[in-house]
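The structure appears right after this line, and notes come after that.
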Amino acid sequence: MTIDRRSLLKYAAALPVAGSVPHRVLADADPPTQKADYTLRMATGLVELSPEHIVSTTLYNGQFPGPLLRLTEGKRVVVDVYNDTDTPELVHWHGQFVPTEVDGASEEGTPFIPSHGMRRISFVPKPTGFRFYHTHIVPADDLSRGTYSGLAGPVYIEPANNAGAYDREVFLVLKEFLPSLSRGGDMAMDALVGSAIKELQEIGRKADAKFKGPKGYEVDYELFAINGKMLGHGEPVRVKQGERVLFHVLNASAGEIRSLALPGHVFRIVALDGNAVPTPAEVPVLWLGTAERISAIVEMNHPGVWVMGDLVDDDRRRGMGIVVEYAGATGKPRWTKPKPYRWDYTLFGRPNPTSAPPDETIELLIVKENGALNGFNRWTLNGEAFSMETMKPIYTVHEGRRYRLKFRNASDDIHPLHLHRHSFELTHVGGKPTAGVVKDVVMLGGFQEVEFDFIADDPGMTLFHCHQQLHMDYGFMALFDYA
Ligand SMILES: [Cu+2]
104 MTIDRRSLLK
114 YAAALPVAGS
124 VPHRVLADAD
134 PPTQKADYTL
144 RMATGLVELS
154 PEHIVSTTLY
164 NGQFPGPLLR
174 LTEGKRVVVD
184 VYNDTDTPEL
194 VHWHGQFVPT
204 EVDGASEEGT
214 PFIPSHGMRR
224 ISFVPKPTGF
234 RFYHTHIVPA
244 DDLSRGTYSG
254 LAGPVYIEPA
264 NNAGAYDREV
274 FLVLKEFLPS
284 LSRGGDMAMD
294 ALVGSAIKEL
304 QEIGRKADAK
314 FKGPKGYEVD
324 YELFAINGKM
334 LGHGEPVRVK
344 QGERVLFHVL
354 NASAGEIRSL
364 ALPGHVFRIV
374 ALDGNAVPTP
384 AEVPVLWLGT
394 AERISAIVEM
404 NHPGVWVMGD
414 LVDDDRRRGM
424 GIVVEYAGAT
434 GKPRWTKPKP
444 YRWDYTLFGR
454 PNPTSAPPDE
464 TIELLIVKEN
474 GALNGFNRWT
484 LNGEAFSMET
494 MKPIYTVHEG
504 RRYRLKFRNA
514 SDDIHPLHLH
524 RHSFELTHVG
534 GKPTAGVVKD
544 VVMLGGFQEV
554 EFDFIADDPG
564 MTLFHCHQQL
574 HMDYGFMALF
584 DYA
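If you're matching positions, the sequence shown starts at 104 in this note's numbering and goes up one per residue.
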């Protein structure tokens, strides 16, 4: 259910141009309308990353991250979303199976939340696990908007029955602040297993020869934070020896790949993108592509005061970390660099890596056209950059069929590939077959291939895109329509 146009205008009229009004007033003004379960209000606000670093950006409810929404699987939720900014906005319910008018992608037909207006949305949360919400507008070269802003917050959808093999949960939202354009940043090339495929390197070389000139723009950041606090400035994660802490980690970056380690401890991965993995496994380092989530249990068996932080020294020094402090331990937080560790999704797959055969396979070749659009790289899928003007769907799927998407990356960038309103099962990644790992974002390594299957079980326009904001804004998107 969405609010009808008449009520929407009524709400909009009741809203002041600036400032905030308690939403009770609005509820009283419209008695037949039930009270929303949650209210999200988008407005400019300040985030105190540290006493010396206070940044201004757009936020949900004046805070970063936005409030944790704890929803229950199958129990309908009503959310009122107010937009106190000067531009239309969208809230995307990342990783949930929701209708197109709720999902929060204009490409699928979701209505915008008008500037200084509001929209009531209602949906049945699913599937269970760690999801999130974030803005889904197209900022292009405006680094104050889109996922460059503070518009992101965690969602946890409670399962009917909780596994409960942990003592408590801690949510960590990783995020960069103060973005600026640069020429050619460096990607974490040592993040993933698998090796470059010669044929894809050759295609990349040919594209580079055609699109010569300076390197396309990338985005750099000045400050880094976990839960809106630079390392050493927030409350530490306080733990007791022997405790099992379940960390839910979200990479809410606009485009960075992040790593995280806790010296002397291992992470037992229990869920990826909120979905339980078939084979929980222990790893020394987490790698998360943009928009990926990892749920991992850490057994606290190495007392001390530690830095849980990014492997990149510069990013950690500028804030990407959080202190983990054992009860009774004192002293300065310690960091020791872990050995290099490459992320391998197949570790968490079924022992027998056989997945159901697809009804159809769709192959997509990803090519970078260096600096082709006003100095920005343009991205093409099978030779076509997504057009915001035509919004033309490139594939038609049939309900109930199983589709295998095979992506071939002819660029050196890692791409966090994301499919809306559906989950997918990884079937081939880093040169290896796999099965049983269900996700909604997957990192595709430079000059590598990845294959995943999705079942067309949620009719309606469905958006696919790279979650790197610069990539999606400059061509790296595609629409799937249902027959
Ligand atoms: Cu990308």
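Just so you know, even glycine gets a beta-carbon here, dropped at the ideal spot from N, CA and C.
For clarity, every value in this text was computed on a predicted model and none was experimentally measured.
Count the other CB atoms within 10 Å of the CB of residue i; is the residue buried (16 or more) or exposed (fewer)?
i, result
"Pro-262", "exposed"
"Ile-157", "exposed"
"Arg-127", "In this prediction, Arg-127 scores a pLDDT of 33, lower than 50, which makes its location untrustworthy; the coordinate-derived value is nonetheless stated afterwards. Result: exposed."
"Ala-513", "buried"
"Gly-249", "buried"
"Thr-142", "buried"
"Pro-125", "Summary for Pro-125: the model assigns pLDDT 35, below 50, so the residue's position carries little reliability; its value from the coordinates is reported in the next sentence. By the neighbour-count rule (16 or more Cβ atoms within 10 Å), Pro-125 is not buried but exposed."
"Arg-511", "buried"
"Gln-137", "exposed"
"Asn-633", "The displayed coordinates of the chain run from 104 to 586. Any statement about residue 633 would go beyond what the structure contains."
"Ala-312", "exposed"
"Gly-452", "buried"
"Glu-302", "exposed"
"Asn-477", "exposed"
"Asp-418", "buried"
"Pro-454", "exposed"
"Asp-56", "Lying outside 104 to 586, the shown extent of the chain, residue 56 is not represented and no answer is given."
"Ala-581", "buried"
"Arg-308", "exposed"
"Arg-341", "exposed"
"Ala-586", "exposed"
"Phe-583", "buried"
Considering only their Cβ atoms, is the gap separating residue j from residue i smaller than 7 Å?
i, j, result
"Val-194", "Val-184", "yes"
"Met-494", "Ile-517", "no"
"Leu-174", "Tyr-269", "no"
"Val-322", "Pro-387", "no"
"Asp-413", "Ser-362", "yes"
"Gly-297", "Gly-549", "no"
"Phe-327", "Gly-253", "no"
"Gly-198", "Arg-234", "yes"
"Tyr-324", "Glu-279", "yes"
"Gly-533", "Pro-381", "no"
"Glu-86", "Phe-579", "Since the displayed the chain opens at 104 and closes at 586, residue 86 lies outside it and no answer follows."
"Pro-242", "Phe-215", "no"
"Asp-462", "Arg-504", "yes"
"Ala-399", "Ile-372", "yes"
"Val-401", "Pro-436", "no"
"Gly-212", "Asn-186", "no"
"His-589", "Ala-208", "What is shown of the chain runs 104 to 586, which leaves residue 589 out entirely."
"His-237", "Ala-255", "yes"
"Arg-465", "Leu-508", "Checking the sequence shown, residue 465 turns out to be Ile, not Arg. Yes; because the gap between Cβ atoms is below 7 Å, this pair is in contact."
"Asp-140", "Val-181", "yes"
"Pro-441", "Ala-364", "yes"
"Arg-421", "Leu-295", "no"
Please name the residue or residues paired with residue i in a DSSP beta bridge.
i, result
"Met-145", "Tyr-163, Asn-186"
"Phe-555", "Leu-508, Leu-529"
"Arg-222", "Val-184"
"Ile-57", "Summary: the structure shown does not reach residue 57, with the chain confined to residues 104 through 586, and so no result is reported for it."
"Ile-400", "Leu-349, Arg-371"
"Trp-438", "According to DSSP, which records beta bridges pairwise, Trp-438 is partnered with nothing at all."
"Ile-306", "Its beta-bridge partners do not exist; DSSP assigns none."
"Glu-338", "DSSP, once it has assigned bridges, lists no residue as partnering Glu-338."
"Arg-234", "Val-258"
"Ile-329", "Leu-277, Lys-332"
"Arg-173", "Tyr-259"
"Asp-561", "DSSP output for Asp-561 lists no bridge partner at all."
"Asp-416", "For Asp-416, which the question treats as bridged, DSSP gives no partner whatsoever."
"Thr-499", "Asp-584"
"Ala-379", "Ala-374"
Contact check, residue i vs residue j under 8 Å by CB: the rounded distance?
i, j, result
"Ser-526", "Pro-230", "7 Å"
"Tyr-320", "Ser-285", "7 Å"
"Met-411", "Tyr-429", "13 Å between Cβ atoms; not a contact."
"Glu-528", "Phe-555", "6 Å"
"Pro-228", "Glu-305", "The pair is not a contact, with the Cβ atoms about 46 Å apart (cut-off 8 Å)."
"Leu-275", "Val-352", "5 Å"
"Glu-385", "Phe-370", "7 Å"
"Arg-179", "Ser-225", "6 Å"
"Gln-344", "Pro-406", "5 Å"
query: Any contact of the stretch 421–438 with the stretch 249–261, i.e. 3+ C-beta pairs under 8 Å?
result: no
field: the stretch 138–155 touching the stretch 324–339, judged by at least three CB pairs closer than 8 Å
entry: yes
- prompt: Should the stretch 478–495 be regarded as contacting the stretch 567–575, the criterion being three or more beta carbon pairs within less than 8 Å?
  reply: yes
- prompt: Is the stretch 551–571 in contact with the stretch 496–508, if contact means three or more CB pairs nearer than 8 Å?
  reply: yes
task: Name all residues in chain order for which at least one heavy atom of ligand 3 lies closer than 5 Å to the residue's CB.
output: As presented, the structure is devoid of ligand 3, carrying ligand 1 as its sole ligands.
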